[in-house]
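Residue numbers (mature numbering (1 follows the signal peptide of the UniProt record, and there is no 0)): -23 to -1, 1 to 177.
We put the CB at the ideal spot given by N, CA and C, even for glycine.
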Amino acid sequence: MTYIMRFLLGILMLTAMAVPMSAAEPLKLMTTPETPKYLAYINSWKPELPVLTPVEAVEEYKTPQMVLDMINHAKEFMGLRYRRGGKTPKGFDCSGFTGYIFKQFGISLKASSSSQYTQGTPVVTDDLRPGDLVFFNGRRAGTSRVGHVGMVVDVDADAGTFKFIHSAISSGITISDSSEPYYSRRYIGARRVIDESSLN
């Protein structure tokens, strides 16, 4: 059988096996007496969506005006020299400075930084607010003995740090950041002595 004959025979066989699309029997949906009931159920079914409870907006903390006034008043002494035992505008030590500022706004603080650490309520770092008192070791880091105090003037909640104004031996009245190695190693804790509920 020649190549041409084999080719023609193959075409004839394929033609015989082919079924015209028009001759194909259409598909039929199998139904039962229960089918209408099932279809009605499917059409009437509605998925139960979860009930969403609206989230209450968290009110952003707003520093009371009196605290802002305290901070602004404290900043008026920027650069004033440190004076050991000083409690007046002629010169302050650390606790003398915080005691003086708070006194101008009707709040009495004890004389030393260690005694001021016993006043008010403890505050964790994540909850610090302007006006809070922050306490540090003295020149020796790693001890629990309070030797220095300042007042918070700004808080960076994202970074977990804060700025505080204080009377430093080396620079007098200045603003420092808690992220500075000298202070981050010596930080002990904070106290809140301002009753903000009475300011509203």
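Inset, instruction - Measure the C-alpha to C-alpha separation of T151 and D109 and round it to an integer number of angstroms. - result: The residue labelled residue 151 in the question sits at position 174 within the sequence shown. The residue labelled residue 109 in the question sits at position 132 within the sequence shown. Cα to Cα, the separation comes out at about 16 Å.
Inset, instruction - To the nearest angstrom, report how far apart I142 and E25 are at their CA atoms. - result: Working through the sequence shown from its first residue, we reach residue 142 at position 165. Working through the sequence shown from its first residue, we reach residue 25 at position 48. In this structure, the CA atom of I142 is about 58 Å from the CA atom of E25.
Inset, instruction - Rank D172, F113, F82 and T75 by C-alpha distance to the C-alpha of P158 and give the top, closest one. - result: Along the sequence shown, one-based indexing puts residue 158 at 181. Of all alpha-carbon atoms in D172, F113, F82 and T75, the one lying nearest the alpha-carbon of P158 is that of F113.
Inset, instruction - Would you list, in sequence order, the uninterrupted beta strand (DSSP E) runs of no fewer than 3 residues that lie entirely inside the region 79 to 109? - result: List check, beta strand (DSSP E) in window: 98 to 100.
Legend entry - Candidates S175, S153, G137 and V44, of which the one nearest S144 by Cα: As a position in the sequence shown, residue 144 is number 167, starting the count at 1. Among S175, S153, G137 and V44, the Cα nearest to that of S144 belongs to S153.
Inset, instruction - Give a yes or no on whether the C-beta atoms belonging to I48 and V130 are separated by under 8 Å. - result: Position 71 of the sequence shown, counting from 1, holds the residue named residue 48. Position 153 of the sequence shown, counting from 1, holds the residue named residue 130. Taking C-beta atoms as the reference points, I48 and V130 count as a pair closer than 8 Å.
Inset, instruction - For the alpha helix (DSSP H) containing A51, list its first residue and its last residue. - result: Counting from one through the sequence shown, the residue named residue 51 turns up at place 74. Q42 to K52 is the extent of the alpha helix (DSSP H) around A51.
Legend entry - Under 8 Å between C-beta atoms of S72 and Q93: Here residue 72 refers to the residue found at position 95 when the sequence shown is read from its first residue. Here residue 93 refers to the residue found at position 116 when the sequence shown is read from its first residue. Cβ distance < 8 Å, so S72 and Q93 count as in contact.
Inset, instruction - Please say whether P107 and V132 have beta carbons closer to each other than 8 Å? - result: Here residue 132 refers to the residue found at position 155 when the sequence shown is read from its first residue. Here residue 107 refers to the residue found at position 130 when the sequence shown is read from its first residue. The answer is yes: Cβ separation under 8 Å.
Inset, instruction - With a 10 Å radius around its C-beta and 16 neighbouring C-beta atoms as the bar for buried, classify S174 as buried or exposed. - result: For the purposes of this step, residue 174 is taken as residue 197 along the sequence shown, with counting starting at 1. With fewer than 16 other Cβ atoms within 10 Å, it is exposed.
Legend entry - Classification of T95 by the beta-carbon crowding that lies within 10 angstroms, buried from 16 upward: Counting from one through the sequence shown, the residue named residue 95 turns up at place 118. So T95 counts as exposed.
Legend entry - With 16 other Cβ atoms within 10 Å as the buried cut-off, status of T120: Taking the first residue of the sequence shown as position 1, residue 120 is located at position 143. T120 should be labelled exposed.
Inset, instruction - From the DSSP output, in three-state form, read off G124 for me. - result: The sequence position of residue 124 within the sequence shown is 147, counting from 1. Reduced to three states, the DSSP call for G124 is strand.
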